[in-house]
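My numbering applies: residue 4 is where the sequence shown begins, and numbers increase by one.
Beta carbons: idealized from backbone N, C-alpha and C, even for Gly.
Below is one structure, written out as C-alpha cells; comments come after it.
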Amino acid sequence: MVALAFLIALEFAARHYGQPGPLTNQAKEVIFAPKSGPLLYASMALMMVVLTWRQRFIAFGVAVGIDLVFFLVRWTVDAKVEAGYGHPFGNGALWVMLGCAVIAVTRREGRERTLLLKGVGLGMLLVAGRKTGDTWLLITSKTRPTVLDQYVAVADHALGNPSWLAGRIVEASGSIGEHVLDYVYIQLAVAAVIVTLYQLRNVAAERRFPSHHLVRTFLVIGLIGPGIYMIFPVVGPIFAYGADGGHWAVADLWPHTATPVSAPHHMPFNEVTPRNCMPSLHTAWATAIFIHSRKGPRLLRFGGAFWLIATLGATLGFGYHYGTDIIAGVVFTLTIEAALRSIARGWDRSGIQLVAYGATVFTALLVSYRYLPLEMAEHPWVSGPLLILAMVSVIYGYVRTNKQWEPKAAPVRQPEPQPELV
C-alpha cells in the first residue's frame, strides 16, 4: 500500500508539470512499444524464480509469441518504432507477468498464491523503479532552477579533476571503448538481474525468498537517492562545463580545460536536464552489484568487478559525474547495505554503529562540498587524501562488520581414538 501511494503521488506530481507519471507510462507499455525491452524481460526472469523449469519455458515461449504478434501487427499497420524511443519487443514479458498475477489470484491458494504474487511483485518492482526514477528526474529539473555544479567542480580539484582525465581517456579510446562503456552504463539493471538470479536460484525448490538480496538494495537506493538530488542539485560536467549544456554552461571546458579555482556560486540551469549527480546512483548501484556478486562463482565475481570498474569509467568518462559524486555514491551504498542487512538479521550494536558512521561520513561529504570547496581546492594534498580516507574508512568498517555477521562454520569433530581390540 505504501508503494502504491508513493506511485500515485508521483503520478500527480508529474501531471502537475504536464507529463505522464509512472503509472501511466507503465500502463501504456501494455500496448505501445516499451521504453526498455531488455528490462521487461529481465523483470520477467526475476518473476520466474518462483516457477518450475517447465513453467519457465512455457512463460518464456508465451512472451516471445506475444511479441511476435505485436511485431506483425505493427508491421502490418506500418507503426514503426523509432530508435531511441522504444523497443520492438518487451510487451510479451509484461503480459506474462500480468497473466501470472491473474493466475495467482484465481488459480492458486495459500503459500503457492503468496509465493507467485511475490515473484510477480519482484519483477514489477524493478520495472516500477525505472518508471519512478524517470519521474523523479523530471521533478528535479522542474523544481530546482539553480544547481551547485560550481561548488562540486571546485571541490573536485582536491581529487585532481578525475572526470576531465577520464573524459580524455575515453575520447582517445575511440568508438569501441565508448560503445562498451555506453552499453555497461545503460544495461546496469540487467547486470543486477543476473546477480539476483544467482542469489534466488533456490527459491523454486525451497518455496521461500532469502531474507536479503540485491533487488532490495537496488530499490532502496533508487528511493532515497532522488531525495538527495533535491537537496543537492547537480547536473554534471558535460552539461555545466561542456557542449551539452549549450548557453546554460559556464563555458565549454570539459574535458580538455580544467575549471578555474575561484569562489563558486549557484548557477541557473534549464528545466530539462535532470539534477541527478550527487550522489552518483550509477556508482551506488554498481557498488551494490559488486558486493552481492562476491559470494558467487568466479565468473560472477569477475563480472561484478568488471561492471563496477566500467561503470566508474562511464560515469566519469562521459562527463556525467564528478569525482566527488563517486566517493559519495560508494559511502551511500555501503550505509544502505549495512542498514538492510541489519534489518534482515536483527539490529545489534555493530550494525547501528556502522550505519550511524556511514550516515555521518556521507553528511560530512555533502557539507564539505557545499561550504568548503575553495579551501579543498587550495589544499588538494590535504583534502584529497582526507576524502579518500573517509571513503576507505567506511569500506573497512563494512568489510569488518560483515565478517562478524557471517555464520562461522562449526569445526568438524574428530572421533575419539578407541583402544584396539585384541
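- For I241, the CB contacts under 6 Å within the same chain, skipping 5 residues up- and downstream, are D247, W257 and G322 in chain order.
- For V150, the beta-bridge partners assigned by DSSP are M270.
- Looking only at W167, A62, L97 and P376, the smallest Cα-Cα distance to D255 is reached by W167.
- Scanning its chain for C-beta atoms nearer than 7 Å, with the 5 sequence neighbours on each side dropped, one finds around G239 the residues C280, G322, Y323 and H324, in chain order.
- Excluding five sequence positions before and after L43, the CB atoms of its chain that fall closer than 6 Å to its own CB belong to P37, G93, A96 and L97, given in chain order.
- Judged by DSSP secondary structure, E174 falls within the alpha helix (DSSP H) whose first and last residues are P165 to I189.
- Counting C-beta pairs closer than 8 Å gives three or more between the segment 179-192 and the segment 310-318, which meets the contact rule.
- Between E209 and the set N164, A194 and E115, the nearest pair of CA atoms involves E115.
- With fewer than 16 other beta carbons inside 10 angstroms of its own, D81 counts as exposed.
- Fewer than three Cβ pairs drawn from the segment 285-305 and the segment 360-372 lie within less than 8 Å of each other, which leaves the two stretches out of contact.
- In the structure shown, G299 adopts coil according to DSSP, grouped into three states.
- Separation of A261 and L377 (C-alpha to C-alpha, rounded to the nearest whole angstrom) is 15 Å.
- Taking G387 as the centre and dropping the five residues before and after it, the same chain places the C-beta of A161 and L162 closer than 6 Å to its C-beta, in chain order.
- For S345, the enclosing alpha helix (DSSP H) starts and ends at G326 to R348.
- Between the alpha carbons of E274 and F212 lies a gap of roughly 42 Å.
- Here V52 really is in contact with L200; their C-beta atoms are around 7 Å apart, less than 8 Å.
- The beta carbon of A287 lies closer than 6 Å to those of I224, G332, F335 and T336 in the same chain, with the five residues before and after it left out.
- Taking C-alpha positions only, T135 is separated from H216 by approximately 21 Å.
- Taking the Cα positions, A380 is about 12 Å away from Y374.
- In this structure, the beta-carbon distance from P277 to L140 falls below 8 Å.
- Boundaries of the alpha helix (DSSP H) harbouring Y374: R352 to Y374, taken from the DSSP string.
- When the five nearest sequence neighbours on each side are left out, the beta carbons in the same chain lying within less than 7 Å of the beta carbon of V206 are those of V52, V53 and F212, in order along the chain.
- Distance between L151 and T327, taken at the CA atoms: about 13 Å.
- Secondary structure note for K31: its alpha helix (DSSP H) is the uninterrupted segment P25 to K31.
- E209: member of the alpha helix (DSSP H) spanning V206 to E209, first to last residue.
- Annotation note: the segment 376-415 contains the following uninterrupted alpha helix (DSSP H) runs of length 4 or greater, listed N- to C-terminal: 376-381 and 383-408.
- One alpha carbon belongs to V193, the other to G230, and they sit about 24 Å apart.
- If you draw a straight line from the Cα of D159 to the Cα of P165, it is about 8 Å long.
- Taking all protein chains in view, the Cβ of L101 is surrounded by fewer than 16 other Cβ atoms within 10 Å, so the residue is classified as exposed.
- Residues of the same chain with a CB within less than 7 Å of the CB of I294, apart from the 5 flanking positions on each side, are E340 in chain order.
- By the criterion of a C-beta distance shorter than 8 Å, Y154 is surrounded in its chain by P267, Y372, R373 and P376, once the five residues flanking it on both sides are discounted.
- The alpha-carbon separation between C103 and T404 amounts to approximately 40 Å.
- A distance below 7 Å between beta-carbons, with the five flanking residues on each side excluded, links V358 to the following residues of its chain, in chain order: T338, A341, A342 and S345.
- Contact annotation: P236 and R111 have beta-carbon atoms that are not nearer than 8 Å.
- Taking all protein chains in view, the Cβ of R297 is surrounded by fewer than 16 other Cβ atoms within 10 Å, so the residue is classified as exposed.
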